[in-house]
Amino acid sequence: MEKNGIPAALLTAMTSMAKVAGANRILASGLIPHAVGDPSRTLDEEIAWRKGQVTKALNAVATPLDEAQIFPDW
Amino acid sequence: MKQPFRLDVHTIDIDNVEVGDTTGVSGHTLAVSVDEISDLVLEDSRIAGVEVEITQPGDDVRIVHCLDAVEPRTKVGDGDVFPGFLSGMDPVGTGETLRLGGVSILVSSRYPQPFSGLLQAREAVVDMSGPTAMYSPFSRVRNIVLVFTPNPSIENVDYDDAIRRAGLRVGEFVARSALGNEPDSTTVFDFSDVNPDLPNVVYFYQLQGQGSMADTYLYGRVIHNLVPTLIHPNEVMDGAIVSGVHVYSCYKNPTFLHQNNPIIWELQARHGKDLNFVGVIINRGHNYTQDDKERSSQWAAKLASFLEADGAILTAEGGGNSAIDMMLACQYMEKAGIRTTVVSSEAAGADGYDFPLFYTVPEADAIVSIGSEDEIVAMPKVSKVIGDEYILDSETPSCGPFDLKMYYQYCSTNQVGGNFLTGRMF
Amino acid sequence: MIRVVHYLNQFFAGIGGEDKADAPFEVREGAVGPGRVLKMLFGDEAEIVQTLVCGDNAFHADPEGNLAAIIAAIAETAPDVVLAGPAFNAGRYGLACAAVCAAVNEELGIPAVTGVYPDAPAVDVFGTRVVMVATRDSAGGMKDAAGRLADVGLRLARGEGLLPADEDGRIPMGYRANRVADKPVATRALDMLMARLRDEPFTSEIELPDQVEPVPPAPAVADLSKTTVALITEGGLVPEDNPDRIESSSATKWARYPLAMLAKNENPAFKSIHAGYDSRWVDADPNRLVPLDAARALEEEGVIGKLHEYFYVTTGNGTTVTHAERMGEEIAIQLIADGVQAAILTST
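Residue numbers (numbering that gives the first Met the number 0), protein chains in the order written: chain Y, 0 to 73; chain L, 0 to 425; chain E, 0 to 347.
What follows is the structure, encoded as structure tokens:
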């Protein structure tokens with residue numbers, strides 16, 4: 000995606016793997032089986048949390064970068 | 000007074016297995032009573048039926064749907080093998096243990112319910128002869144294959160527990176029938192003498208703990224919340240670690256290969272000669288977050304430092320996810336000044352042109368390859384199949400011929416070193 | 000008796016040096032120049048039935064025409080194997096040898112081997128396609144080079160296949176394959192560790208790669224509220240009948256499905272066919288993998304301009320880098336065609 004000029008944010012539980020693989024906009028999120036899910040929350044809370052994760056990803060594609068970055072998890 | 004943690008392992012070498020009226024060993028021949036084994040297995044109502052098949056190296060036979068394999072072992076005198084399954088939580092690994100060498104109890108079955116997602120037992124094949132025999136270490140032992148029929152009314156996870164226990168119970172029963180026979184050899188597992196002139200070596204032994212059908216058991220319990228911990232190698236010899244991994248057929252470390260972990264046997268043979276075998280660190284592979292992986296790998300390196308290790312051998316079980324845990328442990332050990340050697344499988348693609356490792360760290364520059372899971376193997380027609388007429392999830396007759404990825408060859412790229420394959424650059 | 004055709008340039012055929020480099024293609028019977036060294040090495044097992052000669056400049060002045068003539072001559076002779084050179088570090092000669100081997104092997108199906116210096120230009124151009132033994136940089140290494148050429152060539156002629164590159168003395172072609180090891184894993188592992196502990200040399204059985212060339216970050220989007228955003232995952236979420244037959248591991252395929260279909264999530268329902276993670280939570284609620292509900296809400300609130308109406312999916316478990324890069328390229332082309340300006344990816 001990035002090579003073709005499309006800024007792409009990656010939500011993943013395995014940020015180190017993403018870095019090695021060459022992703023540029025990396026965000027720690029969730030667990031391996033559900034990167035944008037949290038079954039321990041109630042459904043409403045989970046949706047609100049997920050909205051927050053997606054918002055962070057959107058901010059990442061709106062952030063100019065010089066090199067790959069793992070965005071902080073807050 | 001302090002007692003050394005000592006285990007005497009007595010081996011009776013078995014060079015023939017045959018059906019008999021009663022189960023027992025005479026010389027190097029093991030006789031197996033089908034009735035005795037059926038009665039033992041069917042005490043558990045979760046199993047509806049069992050066929051007992053014997054197959055030996057060189058037979059024109061294919062075994063399909065392989066699940067766990069168990070080496071017949073029992074205690075001589077006090078104690079039990081397979082703690083947490085056949086006994087309580089009393090520590091194992093001391094006293095005397097009898098093993099029947101060259102024999103495996105191999106469990107084959109379908110499951111009562113259809114699977115979906117990751118949590119499924121996948122096809123696992125052993126060819127007992129011909130050019131495809133090299134793809135499974137179980138082509139080189141005499142297999143007593145237990146082909147189970149599930150009770151259709153129970154859930155897969157429950158059934159899985161039933162057949163795991165059945166394999167262990169049959170293994171112990173068969174070994175017990177040889178009690179009183181003279182062993183061919185005895186190996187003493189005692190690492191209490193440490194020579195200060197030799198380097199200290201630890202074994203980092205990563206176990207799969209990913210969910211049902213992909214779990215390993217430590218004293219009968221899953222290892223999901225395990226922080227790296229120490230285990231004595233003798234405990235492993237007595238069945239402290241039992242396999243429930245049926246997902247990745249090629250990578251699988253079945254119970255047989257935990258009991259016979261080749262790294263532990265090699266360290267035993269070199270203890271006091273080349274090195275001091277100072278401990279085994281077990282770690283859960285497949286930790287689910289970066290933080291969990293960091294904590295585990297850092298913790299393992301810390302334990303190795305506590306043991307004053309100079310060197311470490313690292314093995315894992317499973318694919319890319321578990322490779323990260325192992326490679327991070329390698330990295331942190333190296334940073335702590337501990338020299339490492341990593342045993343790794345490869346995934347270089349069917350044509351072999353891809354980079355073979357899932358995940359690397361710059362510190363992992365000493366790697367032993369156990370071959371690539373991606374190679375496609377032409378499985379020939381065989382005259383007899385044990386397990387099932389058809390390959391799982393297909394209409395392909397098990398007798399062949401068909402093409403099969405290495406992934407489905409039982410323990411072909413087993414990471415504790417059970418097989419003989421290696422990846423080479425051409 | 001194995002029948003061999005040998006290819007040489009004007010220098011090794013004894014015609015002359017640089018001043019004769021425009022010597023045209025010709026066919027000679029029997030062994031010539033280095034072919035006589037090969038002949039001695041072959042003993043009674045093989046013979047050089049024909050030697051093809053072409054000047055270095057002549058070959059490269061018309062490579063297509065010369066290759067056509069060479070292929071025609073070899074097709075008629077129908078040897079069991081073609082050997083070319085060895086060319087050592089000679090640039091034009093090595094390229095001609097490699098081009099001849101590639102054409103013979105790919106067009107006629109006849110095995111072909113050449114020998115070049117590992118830094119020779121032919122290795123960059125033909126290294127993954129042509130079997131090349133490693134030689135020294137000059138003809139002073141003729142004896143070793145001819146020995147390797149003869150060994151590998153005769154083995155291919157006998158149908159025995161290649162040995163690993165280091166055993167053959169070949170330049171690696173870049174692919175790996177499984178072989179039976181000479182010692183058990185545990186022995187090799189402990190030998191390697193002991194060598195490290197004793198500061199003795201050792202050879203890793205897998206070489207670590209050069210660092211991946213980083214992709215420069217794409218420019219950031221200027222205004223999210225005017226941006227069309229796509230959702231992509233490697234988590235294997237597909238309609239339950241998996242209509243596009245995406246593989247559960249080592250994927251070579253990707254697909255896209257309408258978000259409207261995912262929102263409905265019945266007849267067919269979506270589930271994950273990915274064989275590398277426990278998908279029960281995603282199967283119960285696919286938003287945990289493809290964050291459709293959250294992204295749709297952000298679209299309705301005007302935070303983003305538009306949510307692209309498809310999500311894109313493959314399986315990232317055991318997928319090779321080659322296929323992953325290809326699929327990424329294909330998806331990017333599709334996204335650009337559909338006017339997408341940013342992507343959110345989720346991985347398992």
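Positions of the beta carbon are idealized from the N, C-alpha and C atoms, including for glycine.
Quantities reported herein were computed from a predicted structural model and do not represent experimental measurements.
For chain L, find out if any of its Cβ atoms is closer than 8 Å to the Cβ of residue 196 of chain E; answer yes or no.
-> Yes - at least one Cβ of chain L is within 8 Å of the one on residue 196 of chain E.
In terms of DSSP beta bridges, what is residue 234 of chain E paired with?
-> Paired residue(s): E:314.
From what residue to what residue does the alpha helix (DSSP H) around residue 264 of chain E run?
-> According to the DSSP assignment, residue 264 of chain E belongs to no alpha helix (DSSP H), since it is labelled neither H nor E.
With distances taken from CA atoms, which of E:208, E:207, E:190 is nearest residue 201 of chain E?
-> Measuring C-alpha to C-alpha distances from residue 201 of chain E to each of E:208, E:207, E:190 identifies E:190 as the nearest.
If you draw a straight line from the C-alpha of residue 92 of chain L to the C-alpha of residue 7 of chain L, how long is it?
-> Cα to Cα, residue 92 of chain L sits roughly 9 Å from residue 7 of chain L.
Given residue 16 of chain L, which residues of its chain have a CB within under 6 Å of its CB, disregarding the five upstream and five downstream residues?
-> 29, 53, 141.
Contact list for the stretch 22-51 of chain Y against chain E, Cβ threshold 7 Å | For the stretch 22-51 of chain Y, the set of positions with a beta-carbon nearer than 7 Å to some beta-carbon of chain E reads 23, 31, 32, 33, 34, 35, 36, 38, 46, 49, 50 in chain order.
Are residue 167 of chain L and residue 75 of chain L closer than 8 Å when you measure CB to CB?
-> Not in contact: residue 167 of chain L and residue 75 of chain L (Cβ atoms no closer than 8 Å).
When burial is assigned at 16 or more other CB atoms within 10 Å of the CB, is residue 195 of chain L buried or exposed?
-> It counts as exposed.
For residue 358 of chain L, decide whether its Cβ has a neighbour in chain Y, counting only Cβ atoms nearer than 8 Å.
-> Taking 8 Å as the CB threshold, residue 358 of chain L lines the interface with chain Y.
Integer-rounded CB distance, given that residue 89 of chain E should sit under 8 Å from residue 129 of chain E = Residue 129 of chain E to residue 89 of chain E, Cβ: 16 Å. No contact.
What does DSSP give as the partner residues of residue 26 of chain E in its beta bridges?
-> Looking at the DSSP assignment, residue 26 of chain E forms a beta bridge with E:51.
Taking Cβ-Cβ distances shorter than 8 Å, what residues in chain Y pair up with residue 266 of chain E?
-> By Cβ distance, chain Y contributes nothing, its closest Cβ being about 23 Å from residue 266 of chain E, past 8 Å.
Buried or exposed: residue 10 of chain E, going by 16 or more other Cβ atoms within 10 Å of its Cβ?
-> Buried, since its Cβ has 16 or more Cβ neighbours within 10 Å.
Which residues in the same chain as residue 270 of chain L place their Cβ atom closer than 6 Å to its Cβ, once the five residues preceding and following it in sequence are excluded?
-> Excluding sequence neighbours, residue 270 of chain L sits near 190, 276.
Which chain Y residues are close to residue 222 of chain L, counting only those with a beta carbon under 7 Å from its beta carbon?
-> Chain-ordered listing is empty here: chain Y has no CB closer than 7 Å to the CB of residue 222 of chain L, the nearest sitting near 16 Å.
Going by DSSP, which residues form a beta bridge with residue 184 of chain L?
-> For residue 184 of chain L, which the question treats as bridged, DSSP gives the partners L:10.
Residues near residue 326 of chain L by beta carbon distance below 6 Å, same chain, minus five either side = Cβ neighbours of residue 326 of chain L beyond the five flanking positions: 358, 360, 363.
Taking only beta carbons into account, state which residues of the stretch 269-301 of chain L come closer than 7 Å to chain Y, listed in chain order.
-> Against chain Y - using a Cβ distance shorter than 7 Å - the residues of the stretch 269-301 of chain L are 287, 288, 289.
DSSP beta-bridge partners for residue 278 of chain L?
-> Residue 278 of chain L is bridged to L:201.
From the DSSP output, read off the bridge partner residues of residue 175 of chain E.
-> In the DSSP output, where bridge partners are listed per residue, residue 175 of chain E has L:424.
Give the DSSP bridge partners of residue 337 of chain E, in chain order.
-> For residue 337 of chain E, which the question treats as bridged, DSSP gives no partner whatsoever.
Tell me whether residue 376 of chain L is buried or exposed, calling it buried when 16 or more other Cβ atoms sit within 10 Å of its Cβ.
-> Buried, by the Cβ-count rule.
Residue 257 of chain L lies in the alpha helix (DSSP H); which residues open and close that run?
-> Secondary structure note for residue 257 of chain L: its alpha helix (DSSP H) is the uninterrupted segment 254-258.
Beta-carbon contacts of residue 230 of chain L that lie in its chain and below 6 Å, excluding the five residues immediately before and after = Answer for residue 230 of chain L: 279, 281, listed in chain order.
For residue 323 of chain L, which residues in chain A fall below 8 Å Cβ to Cβ?
-> Reference to chain A is not applicable here, since the protein chains of this structure are Y, L and E.
Measure from the C-beta of residue 237 of chain E to each C-beta in chain L and report whether the shortest distance is under 8 Å.
-> Not an interface residue.
Evaluate residue 74 of chain Y with the Cβ neighbour count: other Cβ atoms within 10 Å of its Cβ, from every protein chain shown; 16 or more gives buried, anything less gives exposed.
-> In the structure displayed, chain Y extends from 0 to 73; residue 74 of chain Y sits before or after that span and is not available.
Rounded to a whole number of angstroms, what is the C-alpha to C-alpha distance between residue 38 of chain Y and residue 281 of chain E?
-> As the crow flies, the alpha-carbon of residue 38 of chain Y is around 10 Å from that of residue 281 of chain E.
Roughly how many angstroms lie between the CA atoms of residue 93 of chain E and residue 115 of chain E, to the nearest whole one?
-> If I take the Cα positions, the gap works out to 6 Å.
Would you say residue 284 of chain L and residue 206 of chain L are within 8 Å of each other, going by their C-beta atoms?
-> For residue 284 of chain L and residue 206 of chain L, yes; Cβs fall inside 8 Å.
Secondary structure of residue 131 of chain L, DSSP reduced to three states | Under the three-state reduction of DSSP output, residue 131 of chain L falls in the helix class.
Listing by chain order, which chain L residues have their CB less than 8 Å from the CB of residue 19 of chain Y?
-> Here the neighbours are 358, 359.
Per-residue contacts from residue 342 of chain L into chain E (C-beta, under 8 Å) = Taking a Cβ-Cβ threshold of 8 Å, the residues of chain E close to residue 342 of chain L are 184, 188, in chain order.
Do you know how far the Cα of residue 50 of chain E is from the Cα of residue 78 of chain E?
-> Straight through space, the alpha carbons of residue 50 of chain E and residue 78 of chain E are spaced by roughly 11 Å.
Flag residue 287 of chain E as yes if its beta-carbon sits less than 8 Å from any beta-carbon of chain Y, otherwise no.
-> Chain Y, which has a Cβ nearer than 8 Å to the Cβ of residue 287 of chain E, makes this yes.
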